[in-house]
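Structure first, commentary second.
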Amino acid sequence: MSRYTEVIVLARRAEEVMGPLTRPDEGRDWHQCFTRVDDGMFDGSRMPSEECYVWIIQFIRHNWRGLLSHLESLVWPDPHSVQVLVRDEDDDCFGLWMIYDGKLVEVPLPRTEREPFSASVTGVLTRTDRCTEELSRPHQK
């Protein structure tokens, strides 16, 4: 069953830590690889820069269940800089996970609520500041 989820990892000085996650590894629970997003993508040069602090990945199935615990287990050079953003296809916005006391935990966002949902690894994150009428209409552009 397809279920799209995007994950963004932000961390300072984490090139060595994230490097293995940018390459295939049959030993992992998931098979997709993170894509490095460095300054070269933004300055137009398309030349990779030495420092990278953002990595992105999109999953199309539930095969990423072990990702958050794997990220938590890594030895980060600056654990206070680690931020993991996760957006499941039914989420209203990205959820935020950060390392506190050695654990990767979700940081509650104002005016949001996460509810369990069996078809999702993390559940569904909804905005609580939407009015009922807004929820019943399809998204308009």
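Numbering follows my numbering, with no gaps: position 121 of the sequence shown is 124. Just so you know, even glycine gets a beta-carbon here, dropped at the ideal spot from N, CA and C.
Contact under 9 Å by Cβ, V87 with L71: yes
Pair within 9 Å by beta-carbon distance, V20 and L99: In this structure, V20 keeps its C-beta atom at 9 Å or more from the C-beta atom of L99.
Cα-Cα separation between W33 and R114, rounded to whole angstroms: 32 Å
Distance CB(C96)-CB(L112) smaller than 9 Å: Judged by their CB atoms, C96 and L112 are nearer to each other than the 9 Å cut-off.
T25, DSSP secondary structure in three states: Secondary structure of T25 (DSSP, three-state): helix.
Residue burial classification, K144 (beta-carbon count within 10 angstroms, cutoff 16): Unreliable positioning characterises K144 in this predicted model, as indicated by a pLDDT of 42, which lies under 50. The coordinate reading is nonetheless provided below. Result: exposed.
V12 and R90 closer than 9 Å at C-beta: no
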